[in-house]
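Just below is one structure, and these are the notes that go with it.
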Amino acid sequence: MDVATEEVVIVGGGIAGLATAVALHRVGVRCLVLEKAQELRATGGGIILFRNAWRALEALGVAHSLSSLCTPSFSRGRITHVVGGVTRSTHAHSYGSGAEIRVVHRKTLLMVLAKELPQGTIRFSSHLTSMETKTVSKTRIVLLHLQDGSVIHAKAVIGCDGIHSVVAQWLGLSSPIYDGRRAIRGLASSPQFHDLNMEGHQIVGEGVRAGVAPISESQVHWFIVHKASARADHSEDPKQVQQDIMENLAKGFPSLFLDIVQNTDLTTVTCSALSFRAPWNLIFGPSCKGNVTVAGDALHPMTSDLGQGGCVALEDAVVLAQKIAALTRRQGEEDAILMMDHSVGEAFQRYVKERKWRLAWVITGSFLTGWIQTSGTGWFVRLVREKIFLKFLYPRILKVSYYDCGKLN
-6 MDVATEEVVI
4 VGGGIAGLAT
14 AVALHRVGVR
24 CLVLEKAQEL
34 RATGGGIILF
44 RNAWRALEAL
54 GVAHSLSSLC
64 TPSFSRGRIT
74 HVVGGVTRST
84 HAHSYGSGAE
94 IRVVHRKTLL
104 MVLAKELPQG
114 TIRFSSHLTS
124 METKTVSKTR
134 IVLLHLQDGS
144 VIHAKAVIGC
154 DGIHSVVAQW
164 LGLSSPIYDG
174 RRAIRGLASS
184 PQFHDLNMEG
194 HQIVGEGVRA
204 GVAPISESQV
214 HWFIVHKASA
224 RADHSEDPKQ
234 VQQDIMENLA
244 KGFPSLFLDI
254 VQNTDLTTVT
264 CSALSFRAPW
274 NLIFGPSCKG
284 NVTVAGDALH
294 PMTSDLGQGG
304 CVALEDAVVL
314 AQKIAALTRR
324 QGEEDAILMM
334 DHSVGEAFQR
344 YVKERKWRLA
354 WVITGSFLTG
364 WIQTSGTGWF
374 VRLVREKIFL
384 KFLYPRILKV
394 SYYDCGKLN
């Protein structure tokens, strides 16, 4: 049986995992990233990055590289209610400053992050199946058992392995709660999409919500979220999914959205059940245990209604590295490696303490936004949505995108 020893192991090579690796690299801490796939993951097509995400990317030192690969940011949009056919314009600046938005390819973001890491940092085809701890010479070691039979001894473990995280399960965090909805996403290309004028467009129907956001003048990221029973047998075949959207889910939607779905690259279509971690479990649950913690979807799965999942994962990376760097500076540069043996647990506790209340609010705000927008079209629901939620609560919820996670020194 092969046994290797590492300082810090990050489980998962998605956005959270690679961002955390870059953050640790910036503060001088070595790490190994275990990714179960054979290459960088590219599922999901596009990702919407709000101002808080760009601040985190600036701290990681990759904002300039990524922005050069993106179109200019946009802050205008439209919301169309299918019932009644009412369309209203929105502008991010009406809720405050700094709300510009960019949409990028997920794989582009992953490649930009991976490029910042030393060669050999990412180990592909490495699937974690179980973990345990033991004490060696008064030092707590985490044993990571991989699918190929190999074992890694780690002084610290950060689980960035997604919504069905092995690390989160080991910590004892509750399983995510199914939201009762399903999300479908994809990318579409067509010269006619310049008609979007670099604006976002959202469509709200009875129990369904959809949206499009431009990646370039001829390519858009789109999504549709609809109510779905957990026991329903939904096809994930891209062609059948496309047909179901055209004939059923998006019935009565503006022709532009239907054209976008029709021109979709079927290899980019993904389907996922929307789930979230109960905020109280995030606040009071075991988000870290000694030298083990979690970040990204492994820590805070949330519905996609605010588009904040990836954004706050980038924040996690910066804050986590800040806490580790603070202990390293306090103990002196000569102890940077030894610090990982006995004080990383303190850094993880500080990280969780700083993050949990913000993350609980983002999860709650995302859930409320989705619930109120797809809860019906009756007069009372419309009254609550238009006169109370959109005027008073929604602007406060949107301020989550103004958060500044700080810098890395």
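Okay, so the sequence shown: first residue is -6 according to my numbering, each after it adds one. Glycine included, every Cβ here is placed at the ideal spot set by N, Cα and C.
Reduced DSSP secondary structure (H/G/I, E/B, other) of residue i
i       : result
Glu210  : coil
Ile72   : strand
Phe250  : helix
Val345  : helix
Phe269  : strand
Lys244  : coil
Thr132  : strand
Ser123  : strand
Phe216  : strand
Phe373  : helix
Ile365  : helix
Ala(-3) : strand
Arg34   : coil
Gly204  : strand
Gln235  : helix
Tyr387  : helix
Val197  : strand
His405  : Any question about residue 405 goes unanswered here, given that the chain covers just -6 to 402.
Nearest to residue i (by Cα), restricted to the options the options
i      : options                        : result
Ala306 : Ile196, Leu391, Leu121, Phe43  : Phe43
Val285 : Asp309, Ala243, Val337, His293 : Val337
His74  : Gln195, Ala176, Lys220, His214 : Gln195
His146 : Val1, Leu401, Tyr396           : Val1
Ile276 : Gly245, Ala266, Val345         : Val345
Thr362 : Gly5, Val218, Gly7, Leu33      : Val218
Ala266 : His157, Asp397, Ala318         : His157
Glu28  : Gly54, Thr126, Ala52, Ala9     : Ala9
Leu242 : Glu347, Arg174, Ser183, Asp397 : Arg174
Glu210 : Ser182, Val144, Gln236, Ile3   : Ser182
With 16 other Cβ atoms within 10 Å as the buried cut-off, status of residue i
i       : result
Ala223  : exposed
Ile381  : exposed
Lys316  : buried
Phe250  : buried
Asn45   : buried
Phe117  : exposed
Gly113  : exposed
Val(-4) : exposed
Glu240  : exposed
Trp273  : exposed
Val393  : buried
Glu(-1) : buried
Gly142  : exposed
Residues near residue i in its chain [Cβ-Cβ closer than 6 angstroms; skip 5 each side]
i      : result
Gln366 : Val197, Arg202
Pro231 : Leu259, Val262
Val204 : Residue 204 is actually Gly in this sequence, not Val. Closer than 6 angstroms at Cβ, skipping near neighbours: Gln195, Phe216.
Phe246 : Ile196
Gly303 : Ile8, Ile40
Contacts around residue i, its chain only, beta-carbon distance under 7 angstroms, and the 5 residues preceding and following it disregarded
i      : result
Ile170 : Ser268, Phe269, Ala271
Ser228 : Val234
Close-in-space but distant-in-sequence residues of the same chain around residue i (CB under 8 angstroms, 5 per side omitted)
i      : result
Val97  : Gly39, Ile40, Leu42, Leu59, Leu62, Cys63, Ile208
Thr122 : His138, Leu139, Gln140, Val159
Cys281 : Leu164, Val287, Gly338, Phe341, Gln342, Tyr344, Val345
Glu192 : Phe67, Arg69, Gly70, Arg71, Pro207
Residue-chain proximity (residue i, chain B), Cβ-Cβ < 8 angstroms
i     : result
Val76 : Annotation note: the requested chain B is absent from the structure, which comprises a single protein chain.
Between the stretch 350 to 358 and the stretch 294 to 301, do three or more beta carbon pairs fall short of 8 angstroms?
Yes, since at least three Cβ pairs between the stretch 350 to 358 and the stretch 294 to 301 fall closer than 8 angstroms, the two stretches touch.
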